[in-house]
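In our numbering, the protein residues as written are 48 to 141. C-beta atoms are modelled at their ideal positions from N, C-alpha and C, and glycine is treated no differently. Written out below as structure tokens is the structure these notes cover.
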């Protein structure tokens, strides 16, 4: 499963800021992490944060694209229906 996010680095803390719609009409999860965008630190923090929030191993979350962009695509390993339910619960609780 691919999850598209818009990442804000150097935030006060890691958090979900809800769902946003990009200019092209694409929905994305707005996430923030405290790590700076230096040498992959923000990307690593993003992977760790998403894995923790969705109850996955860090190895089950990988950056598929967007290494140097704010818009990133994450590849999530697992059952798509279960992942969708976890993401929905995270959005609802967040």
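Leaving out the 5 sequence neighbours to the left and right, which residues in its chain are closer than 8 Å to residue 55 when beta-carbon positions are compared?
The residues are 64, 77, 78, 79, 80 and 117.
Measuring straight from C-alpha to C-alpha, what distance separates residue 106 and residue 122?
So the alpha carbons of these two residues sit roughly 10 Å apart.
Name the DSSP bridge partner or partners of residue 140?
According to DSSP, residue 140 bridges with nothing at all.
Please report the Cβ distance between residue 138 and residue 66, rounded to the nearest whole angstrom; I am assuming they are in contact, meaning their Cβ atoms lie under 8 Å.
Right, their Cβ atoms sit about 6 Å apart.
By the three-class DSSP mapping on this structure, what secondary structure does residue 37 have?
Since the first residue of the chain shown is 48 and the last is 141, residue 37 is not available in this structure.
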